[in-house]
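Undergrad: Once you've had a glance at the structure underneath, I'll fire off some questions.
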Amino acid sequence: MDSSVVKSEENLQCRPKFRAWCQTRRCQLWRLLLLPFIPILALIVQTTLSLKNSLTNGLEVADVEEQVSRATELGKLVTRLQQERSEVAFFIFTNGSTLRSNLTQRFAATDNALLQMGDLPPLMFKNRLKPIDGAAFLQELSELRASINPSTPMSEVVEWYTSANAVFLAHLTKEIKDTDSSTIWRYLVGFKNLLRSIECKGIASVLGINYFARGYLQGRAHERYIAHMVLGRDLLDNTLNLVPSLIPLHKDIKEDSPEYKVLEKKNQQIVDNKHQPGSVPDAIEYFDQTATLLGKLRAVQKQLREYIRDGVNENLREARQSEAVCAAILVLVCVISPIIIVLVRNAVNTIQVYARNLSEKATELEYEKELSDSLLYQMLPASVAKQLKQTQQVPAEFFASVTVYFNDIVGFTAIAAVSTPYQVISFLNSVYKLFDERIECYDVYKIETIGDSYMVASGLPVRNGNRHATEIASMALELLEATSMCRLPHRPDQMLCMRSGIHTGPCVAGIVGTKMPRYCLFGDTINTASRMESTGERELN
1 MDSSVVKSEE NLQCRPKFRA WCQTRRCQLW RLLLLPFIPI LALIVQTTLS LKNSLTNGLE
61 VADVEEQVSR ATELGKLVTR LQQERSEVAF FIFTNGSTLR SNLTQRFAAT DNALLQMGDL
121 PPLMFKNRLK PIDGAAFLQE LSELRASINP STPMSEVVEW YTSANAVFLA HLTKEIKDTD
181 SSTIWRYLVG FKNLLRSIEC KGIASVLGIN YFARGYLQGR AHERYIAHMV LGRDLLDNTL
241 NLVPSLIPLH KDIKEDSPEY KVLEKKNQQI VDNKHQPGSV PDAIEYFDQT ATLLGKLRAV
301 QKQLREYIRD GVNENLREAR QSEAVCAAIL VLVCVISPII IVLVRNAVNT IQVYARNLSE
361 KATELEYEKE LSDSLLYQML PASVAKQLKQ TQQVPAEFFA SVTVYFNDIV GFTAIAAVST
421 PYQVISFLNS VYKLFDERIE CYDVYKIETI GDSYMVASGL PVRNGNRHAT EIASMALELL
481 EATSMCRLPH RPDQMLCMRS GIHTGPCVAG IVGTKMPRYC LFGDTINTAS RMESTGEREL
541 N
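Using full-length UniProt numbering, the final residue of the sequence shown is 541, and nothing's skipped along the way.
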């Protein structure tokens with residue numbers, strides 16, 4: 001058959017195996033790539049969620065910052081209205097004869113605070129059927145200012161400012177409730193309470209002016225004074241409890257302000273409400289002392305606004321830092337993940353190539369093992385060879401009855417003398433090949449060939465009862481018949497004559513040698529069979 005045809009057939013047989021191997025390799029590659037990809041994907045998802053939470057938190061903090069800004073601006077507006085109320089009340093009380101400051105400048109400061117607020121949401125003011133916005137409120141405030149003169153009833157003016165502040169304080173409370181930041185809510189609530197405390201003290205100061213001006217307070221006014229003073233004190237204490245860092249500032253006001261102790265006595269005097277002659281100078285002095293004390297409380301309020309601003313800025317900084325860290329981690333994971341996958345893929349490819357080489361080496365090793373076993377089985381009996389491989393040594397074994405056969409070529413020495421070495425070897429190979437083929441049909445074991453001597457035995461190493469003599473005899477006749485067909489290749493006219501010897505009896509068999517072990521037989525049976533072969537005569541008919 002043509003070699004190209006053989007190669008094409010081999011290629012056709014190898015292609016399905018190669019395709020199956022490639023498909024298995026791809027499946028293993030995807031499985032191994034999937035294993036590291038699962039935790040990488042989980043890490044990416046987790047980092048993405050963390051970044052999303054950080055962004056959401058940043059938006060919430062920014063929203064809180066905006067709400068805090070509106071709340072502080074609203075607090076400034078309430079403070080300006082409180083100061084304007086005090087100045088207007090003082091102006092009316094003194095019939096315009098005494099001014100602590102320029103009303104026009106005070107009005108401008110309030111207007112500026114209102115402008116800083118931006119667009120006010122519609123608010124429901126007292127005695128209004130529908131909410132009004134910032135522009136409408138400013139217009140109404142301007143109309144009130146235009147109507148102020150020394151003869152304007154102070155109670156109506158104070159009531160208007162008080163109701164306006166109440167609306168703004170209610171809106172401030174709503175703004176603070178919408179702010180749920182856990183780090184600054186105490187400051188915001190304290191800010192609102194401090195603002196309301198100043199509002200209550202401001203209302204009480206107007207009533208206190210009336211007391212010192214008239215010498216007494218009527219029942220309803222006296223009740224309102226006590227209620228606002230108590231409420232203002234409670235709100236201030238609540239602020240100090242919520243923001244302990246303000247306690248030293250309030251303590252300094254109590255200890256370093258001379259008007260504080262004086263006002264405490266005067267406030268107690270108003271609470272007692274003992275009738276006394278009215279005194280405008282006492283009222284003005286009380287008003288000035290109250291305004292000074294409220295100014296110091298507003299300084300505390302300003303410091304609280306700084307605390308709020310610092311807290312919001314800290315929250316914003318932490319939110320931005322968290323966003324940056326999460327974004328950096330996400331980018332790092334996204335950059336490293338492909339590198340890890342590529343490294344894993346390269347490692348898997350290397351492992352697969354190594355596994356393929358190892359498989360090929362294992363196949364070659366198995367083939368070599370089979371080849372060595374085949375050679376070993378040719379040198380030794382199969383049962384003996386297996387035992388030799390397992391235990392490394394095989395003890396000698398006694399056989400009670402075996403049949404031994406010897407055979408040699410008559411005149412081999414003369415034939416070898418007239419033949420070349422190559423011709424001798426070729427001749428012996430052809431003869432022994434013929435003998436080996438014929439003895440395969442019988443229960444015999446070829447022991448060895450030495451020169452022209454051919455030794456066979458039956459009944460060992462595997463015992464076969466009494467059949468060993470029959471097997472050897474039948475084999476001898478078969479070999480005798482085969483010998484008649486043998487001719488010398490280089491001397492075809494010369495016939496080949498064989499001499500045989502057979503004997504049955506006991507013997508000992510075992511492995512001899514370590515470098516090149518051989519299965520040898522010992523005993524008189526072997527010697528007798530050898531003598532019968534060597535002393536045999538040709539054609540004894």
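Glycine included, each C-beta is placed from N, C-alpha and C at the ideal position.
Owing to the predicted nature of the structure, the values given are computational and were not obtained by experimental measurement.
1. Helix or strand or just coil, what does DSSP make of tyrosine 405?
2. So is valine 512 buried or exposed if we call it buried at 16+ other beta carbons inside 10 Å?
3. Look up aspartate 493 in the DSSP assignment and say whether it is helix, strand or coil.
4. Using 8 Å for Cβ pairs, my map puts alanine 164 next to leucine 81. What's the rounded Cβ distance?
5. Mark histidine 503 as exposed unless 16 or more other C-beta atoms lie within 10 angstroms of its C-beta, in which case mark it buried.
6. Can you give me the Cβ contacts of valine 158 inside the same chain, cut-off strictly under 7 Å, excluding the 5 residues immediately before and after it?
7. What distance in whole Å lies between the Cβ atoms of threonine 239 and leucine 194, which are believed to be in contact at a cut-off of 8 Å?
8. Report the three-state DSSP secondary structure of methionine 532 (helix, strand or coil).
9. Tell me which same chain residues have a C-beta within less than 7 Å of the C-beta of aspartate 288, skipping the five on either side of it?
10. Rounded to the nearest angstrom, what separates glutamate 397 and leucine 460 at their Cα positions?
11. Could you tell me if valine 312 is buried or exposed, where buried requires 16 or more neighbouring beta carbons within 10 angstroms of its beta carbon?
12. Could you check whether serine 322 and serine 54 sit closer than 7 Å to each other, using their CB atoms as the reference points?
13. Note down, in chain order, each residue of its chain lying with its Cβ closer than 6 Å to the Cβ of aspartate 524, except the 5 sequence neighbours on either side.
14. Within its chain, find whatever has a CB closer than 8 Å to the CB of cysteine 200; leave out the 5 residues flanking it on each side and keep chain order.
15. By Cβ distance, which residues of its chain are closer than 8 Å to leucine 343, with the 5 residues on each side in sequence left out?
16. Beta-carbon separation of glycine 58 and alanine 221 under 7 Å?
17. Might you give, ordered along the chain, the residues of its own chain that have their beta carbon closer than 7 Å to the beta carbon of tyrosine 260, omitting 5 neighbours on each side?
18. Pop quiz: valine 243 and tyrosine 187 are said to be a contact at Cβ under 8 Å. What is the actual Cβ separation, rounded to whole angstroms?
19. Taking the CB atoms as reference points, tell me whether alanine 400 and proline 506 lie closer together than 7 Å.
20. What first and last residue would you give for the alpha helix (DSSP H) that runs through arginine 309?
21. Which of the three DSSP states is assigned to isoleucine 148 in this structure?
22. Around the C-beta of histidine 275, are 16 or more other C-beta atoms found within 10 angstroms, so that it is buried, or is it exposed?
23. Whole angstroms are fine: how far does the CA of threonine 47 sit from the CA of tryptophan 30?
24. For the alpha helix (DSSP H) that contains glutamate 448, what are its first and last residues?
25. In three-state DSSP terms, what is arginine 463?
26. Assign alanine 457 to buried or exposed, taking buried as 16 or more other Cβ atoms, counted over all protein chains shown, within 10 Å of its Cβ.
27. Which stretch, first to last residue, makes up the beta strand (DSSP E) that contains glycine 505?
28. Leaving out the 5 sequence neighbours to the left and right, which residues in its chain are closer than 7 Å to proline 421 when beta-carbon positions are compared?
29. Smallest Cα separation from proline 39: which of Tyr454, Val333, Glu440, Arg487?
30. With DSSP as the reference, label arginine 100 as helix, strand or coil.
31. Just checking, does the stretch 108 to 116 make contact with the stretch 294 to 313 on the three C-beta pairs under 8 Å criterion?
32. Can threonine 162 and isoleucine 203 be called in contact, C-beta distance under 7 Å?
33. Provide the residue span of the alpha helix (DSSP H) that contains serine 197, from first to last.
34. Given that a residue counts as buried once 16 or more other Cβ atoms are within 10 Å of its Cβ, and exposed if not, what is proline 122?
TA: Taking the structure as given:
1. In the structure shown, the three-state DSSP call for tyrosine 405 is strand.
2. exposed
3. Aspartate 493 falls in the strand class under three-state DSSP.
4. 6 Å
5. buried
6. Arg85, Ala89, Val206
7. Going by Cβ atoms, the distance from leucine 194 to threonine 239 rounds to 4 Å, so yes, they are a contact pair.
8. helix
9. none
10. Looking at the two C-alpha atoms, the distance is approximately 10 Å.
11. buried
12. yes
13. none
14. His228, Met229, Leu231, Gly232, Leu235
15. none
16. no
17. Ile253, Lys254, Leu293
18. 6 Å
19. yes
20. 280 to 379
21. coil
22. Its Cβ having fewer than 16 others within 10 Å, histidine 275 is exposed.
23. 25 Å
24. Run containing glutamate 448: none in the alpha helix (DSSP H); it sits in the beta strand (DSSP E), 445 to 450.
25. coil
26. buried
27. 498 to 512
28. none
29. Val333
30. Per-residue confidence for arginine 100 stands at a pLDDT of 49, beneath the threshold of 50, marking its modelled position as unreliable; no derived number is given.
31. no
32. Between threonine 162 and isoleucine 203, the gap from beta carbon to beta carbon is short of 7 Å.
33. 185 to 214
34. exposed
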